Each structure stands twice: as structure tokens, then as C-alpha cells.
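Residue 1146 is where the sequence shown starts when you use the working numbering, and the numbers rise one by one after that.
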Amino acid sequence: MSGSSAEGVEVVLVKAGRTKIRYPAEVLADDGDRVSVRAPWAAPGVRDFGFVRFEPGDVFTEHYWRSRWYAVKEVRTGAGVLKGWYCDVTRPVVVRAGELVVTDLDLDLWVSADRTVVLRLDEDEFAASGLVESDPVAARRAVAALDLLDRLARGTDPFPPR
């Protein structure tokens, strides 16, 4: 997939060992480390988090890394208005024939379009997941990834990270 663009791929989100959702996406770029794809909102109906609504027509430009423990998803309305960035703490993406396999580690970060709102999400789910006991190295990397994303979102550097 490296170096190719305008091809289709399926994003497979795995959580707690099970496939949570899979959806088609268009590959925008793959530099050998970061894979960027674009996909419409894939879940049925509207998901209202209180701080943002994901709904049919929204477009996600998603960035996954083979070397980093997170994914960053830029969220726009169908008209192109930036809503913000939803960041998932994940294991590094696994790229295989026609698929991007992403293992979700429960921790998330929301960054508003103007970067004035940065919310750490699902820390309770992470604590309840048992990852600290079952895979302490992965748990430390997950927490470090969330801390890094939080610092980047609140900093003066461009977001999402390149």
C-alpha cells in the first residue's frame, strides 16, 4: 500500500479482542509510516457525545501510524466545516492486504476545531479494561500516547501531529 493513493481499504476497529466496526475508506496517502484515509461517518444514525455530534454526512480524514500508539481523526461536516479531531489511543496500525487493523485501547481525546476544548475521554473504561494487569507495557504506552496528544493539542504546534 505504501506510496499509493485513491485505492480502497477497509478499516477494522478491534476492541477487547473483537471487531467493533469495519468500514470502507479511501486511501489518501501512505508514506510507509503514516496511512491517511477518508471515510464517511460509518455508524448508523447520530452519535451525540454532548460536546460534538457525529452524524450521517460527516467526513472523517483519519491518520494511522505504524510506529505510534494513536490515531487522529479530523471530523468535518458534509459541507466541509471542521468540527474538530477525535483521537484514539491504539496499538500501532497493522496494514495487510486491503485492511487497516486498529486495536483500540479505550483512551480517547477530543479537540475542538478552535483547540479551546481538549477533553480526555474514557479513562474509566481504560482502568476497567484490565490492560494495566494483562499488558503493563502496552498500558504505559497508551497513557504516554494520551499525554502526548493532550500536550500537542494544547500547544502551539500544528495539530494533528505530522
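Each residue gets a CB set at the ideal place from its N, CA and C atoms; glycine is no exception.
On a predicted model such as this, the values are computed, not experimentally measured, just so you know.
First through last residue of the beta strand (DSSP E) which encompasses residue i
{"i": "THR1164", "result": "1163-1175"}
{"i": "TYR1300", "result": "Residue identity check: residue 1300 is Gly in the sequence provided, not Tyr. Element bounds for GLY1300: n/a, residue is neither H nor E."}
{"i": "GLU1152", "result": "Segment: none, GLU1152 is in no beta strand (DSSP E) and carries neither H nor E."}
Cβ-Cβ separation, residue j to residue i (assumed contact under 8 Å), whole Å
{"i": "VAL1247", "j": "VAL1156", "result": "7 Å"}
{"i": "VAL1314", "j": "ASP1203", "result": "No information on residue 1314 is available, as it lies outside the stretch 1146 to 1307 that the chain covers here."}
{"i": "TRP1230", "j": "ALA1287", "result": "18 Å between Cβ atoms; not a contact."}
{"i": "LYS1165", "j": "ASP1249", "result": "7 Å"}
{"i": "VAL1159", "j": "LEU1245", "result": "Rounded, the Cβ-Cβ distance is 11 Å, inconsistent with contact."}
{"i": "VAL1172", "j": "PRO1305", "result": "Going by Cβ atoms, the distance from VAL1172 to PRO1305 rounds to 17 Å, so no, they are not a contact pair."}
{"i": "ALA1284", "j": "LEU1293", "result": "That pair is no contact at about 15 Å."}
{"i": "ALA1184", "j": "PHE1205", "result": "5 Å"}
Best match in the options for proximity to residue i [C-alpha to C-alpha]
{"i": "ALA1187", "options": "LEU1173, PRO1169, THR1222 and ASP1176", "result": "PRO1169"}
{"i": "ASP1269", "options": "ASP1280, THR1261, ALA1283 and LEU1252", "result": "LEU1252"}
{"i": "LEU1264", "options": "SER1279, ASP1295 and ASP1193", "result": "ASP1295"}
{"i": "GLY1190", "options": "LEU1291, PRO1201 and ALA1284", "result": "PRO1201"}
{"i": "ARG1307", "options": "ARG1183, ALA1272, THR1261 and ASP1178", "result": "ASP1178"}
{"i": "THR1301", "options": "ALA1242, PHE1205, THR1261 and VAL1282", "result": "THR1261"}
{"i": "LYS1228", "options": "SER1279, GLY1243 and ASP1193", "result": "ASP1193"}
{"i": "GLU1152", "options": "ALA1273, VAL1226 and ASP1175", "result": "ASP1175"}
{"i": "GLY1243", "options": "THR1222, ARG1167, GLY1162 and ALA1272", "result": "ARG1167"}
Any C-beta of chain B under 7 Å from that of residue i
{"i": "ASP1292", "result": "This model lacks chain B altogether, as it is built from one protein chain only."}
| What are the start and end residues of each continuous beta strand (DSSP E) run of 3 or more residues lying completely inside the stretch 1231-1290, in chain order? | 1239-1241, 1244-1257 and 1263-1266
| field | alpha helix (DSSP H) runs wholly inside the stretch 1186-1232, at least 4 long, in chain order | value | none
| query | Counting Cβ pairs, one atom from each stretch, are 3 or more of them under 8 Å apart for the stretch 1205-1216 and the stretch 1225-1244? | reply | yes
| request: Would you be able to state if there are at least three C-beta pairs under 8 Å between the stretch 1255-1272 and the stretch 1185-1198? | output: yes
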